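Student: Just passing along the structure, written as structure tokens.
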Ligand SMILES: CC(C)(COP(=O)(O)OP(=O)(O)OC[C@H]1O[C@@H](n2cnc3c(N)ncnc32)[C@H](O)[C@@H]1OP(=O)(O)O)[C@@H](O)C(=O)NCCC(=O)NCCS
């Protein structure tokens, strides 16, 4: 690991644009591993991530080691997210305008375990609170415990998320992507985790 001090930059709305390419590369690099096994491509990623620049209430937390971007985390109002993120909330009667959606957190493996995951939540949650959203939420892929691609030392992040006050909700959505080794996209179940300042989920 480099001896540079790590620096955290926080950018919002249109200012996220200059980081989109790095964010796309990080997502492909980090999500290729279990449990996402994502076989991503930069063209798709650039389109997918453009949403962050269009909403002035979006945020990106960028971690740099010198000039190199080694981690990032994003969030935005759920109302500006893609429809498949909003649908389970609408179907369960939650007002999507109350929800600030915490999107990806991606950190290169060699930088993990130093508290940056907590820092990602701290910045995004305090921004959500300043913007007066009462619910923060994110989703994670559901995999069977005996999935053949799970590394022997794999441990899920559930305990971390619970310690941050999130509860696994009954809300799910189906997202499609091409897994490493697959010839085409297949559907995956995504489970939503919620935290509310005024309700118990
Ligand atoms: C999520 C991620 C950004 C967390 O980064 P991190 O810097 O390692 O997190 P922290 O060092 O702040 O650790 C947070 C807590 O989770 C625990 N933790 C971290 N990784 C863990 C793991 N793989 N299994 C179990 N616990 C873990 C830490 O021990 C710590 O616990 P503590 O609060 O009791 O000290 C990083 O693991 C990552 O990029 N993962 C791959 C992508 C991913 O799954 N993202 C989440 C969904 S988008």
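Residue numbers (this note's numbering): 13 to 213.
For glycine and all other residues, C-beta sits at the position ideal for the given N, C-alpha and C.
Keep in mind it's a predicted model, so treat the numbers as computed, not measured.
Specify whether the segment 29 to 48 and the segment 142 to 162 touch according to this definition: at least 3 beta carbon pairs, one from each stretch, less than 8 Å apart.
Tutor: Contact between the segment 29 to 48 and the segment 142 to 162 is present: 3 or more CB-CB pairs across the two stretches fall below 8 Å.
Student: Between residue 198 and residue 130, what straight-line distance do the alpha-carbon atoms span, to the nearest angstrom?
Tutor: 32 Å
Student: Please report the distance separating the alpha-carbon of residue 193 from that of residue 29.
Tutor: 31 Å
Student: Could you check whether residue 72 and residue 140 sit closer than 8 Å to each other, using their CB atoms as the reference points?
Tutor: no
Student: Would residue 114 and residue 172 qualify as a contact pair, given that the criterion is a beta-carbon distance under 8 Å?
Tutor: no
Student: Below 8 Å, can you find three or more Cβ-Cβ pairs linking the segment 170 to 190 to the segment 117 to 128?
Tutor: Under the three-pair Cβ rule at 8 Å, the segment 170 to 190 does not count as touching the segment 117 to 128.
Student: Is residue 117 near ligand 1, with its Cβ less than 7 Å from a heavy atom?
Tutor: Yes - ligand 1 has a heavy atom lying nearer than 7 Å to the Cβ of residue 117.
Student: Am I right that residue 96 and residue 185 are in contact with their C-beta atoms under 8 Å? What's the rounded C-beta distance?
Tutor: A Cβ-Cβ separation of about 5 Å places residue 96 in contact with residue 185 under the 8 Å criterion.
Student: Answer with buried or exposed for residue 137, where buried requires no fewer than 16 other C-beta atoms within 10 angstroms of its C-beta.
Tutor: Residue 137 sits buried, since 16 or more C-beta atoms from the chains shown fall within 10 Å of its C-beta.
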